[in-house]
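Enquirer: Just so we're aligned: 71 in my numbering is position 62 of the sequence shown, and the numbers increase by one with no gaps anywhere.
Positions of the beta carbon are idealized from the N, C-alpha and C atoms, including for glycine.
Pasting in a structure now, in structure tokens, and then I'll have a few things to ask.
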Amino acid sequence: MLEALATLGRVLVAVGLSALWTIPVGLWIGLSPRLSRIAQPFVQVAASFPSPMLFSYVIIVMRLLGVSLNWGSIALMILGAQWYILFNVIAGAMAIPSDLLEAARMYRITGWQRFTKVYLPGIFPYLITGMVTSAGGTWNASIVAEYIPDKGQTLTAFGLGSQISISAGNEDFPMLAASVLVMSLMVVAFNRLVWKKLYRLAEEKYSLSK
């Protein structure tokens, strides 16, 4: 159970850190039609690049900084998690009605107030979709991010992902089945207790179609 909680914590931190930079960048791209045409192809190419191919470079940086895989695995998870949120934030920004943006300009709503009153409500349903998708991908990524063979040695982080990898490598099928079951139950429980409520909030309060 502690392993599952450790991985859950990493998943949430990875999704949260991904959102910190993808929300402003996604808004910047999505609110500019010209920039959207230029930037989206580059974003798609970057997102299609297999993130595990970058793991070795991240590990080199981790070793130089003296960071253990318990923390470094979060950076590895972010490599894949960030793109789901970025794509959805861009789509949400592009979907904000132009008359709403014009009204914000007319009433001189700027800065943080514009972000909280116009941009964030406008992208909120898309942001939740991106975060749900990102979290699902990050749970899967934890299996390879928490257990990494590297030049004759294996780096491991305390968590459910590494437990699955170790069980598979040792052909410990009962433990493997139990670990996969726990991960599935954690994902389903979090979806019902957290994401479902946020989806409902997005539909009832922040849907621009109502």
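Out of 95, 122 and 178, point me to the one whose CA is closest to residue 141's CA.
Expert: 95
Enquirer: From 156, 211, 87 and 33, pick the residue whose C-alpha is nearest to that of residue 177; which is it?
Expert: It is 156.
Enquirer: According to DSSP, is residue 159 part of a helix, a strand, or is it coil?
Expert: strand
Enquirer: Leaving out the 5 sequence neighbours to the left and right, which residues in its chain are closer than 6 Å to residue 38 when beta-carbon positions are compared?
Expert: Hits under 6 Å: 44, 45, 48 and 99.
Enquirer: What is the DSSP secondary structure of residue 31, reduced to helix, strand or coil?
Expert: helix
Enquirer: According to DSSP, simplified to helix, strand and coil, what is residue 165?
Expert: strand
Enquirer: Looking at residue 137: is its Cβ nearer than 7 Å to the Cβ of residue 207?
Expert: yes
Enquirer: Apart from the five residues just before and just after residue 113, which ones in its own chain have a Cβ nearer than 6 Å to its Cβ?
Expert: Within the same chain, residue 113 has close Cβ partners 123 and 127.
Enquirer: Do residue 174 and residue 87 have their C-beta atoms within less than 7 Å of each other?
Expert: no
Enquirer: Whole alpha helix (DSSP H) runs in the region 17 to 77 with 4 or more residues, listed along the chain?
Expert: Listed in chain order, they are 42 to 57 and 64 to 74.
Enquirer: Less than 7 Å between C-beta atoms, sequence neighbours within five positions excluded: which residues of the same chain meet that for residue 152?
Expert: 170, 173 and 174
Enquirer: Output the distance between the C-alpha atoms of residue 92 and residue 115, rounded to the nearest integer angstrom.
Expert: Distance between the alpha carbons of residue 92 and residue 115 is about 33 Å.
Enquirer: Let me know if residue 58 comes out buried or exposed under the rule of 16 or more other beta-carbons within 10 Å of its beta-carbon.
Expert: The Cβ neighbour count for residue 58, taken over all protein chains shown within 10 Å, is under 16; the residue is labelled exposed.
Enquirer: State the DSSP-derived secondary structure class of residue 10, mapped to helix, strand or coil.
Expert: coil
Enquirer: Do you know how far the Cα of residue 197 is from the Cα of residue 33?
Expert: 30 Å
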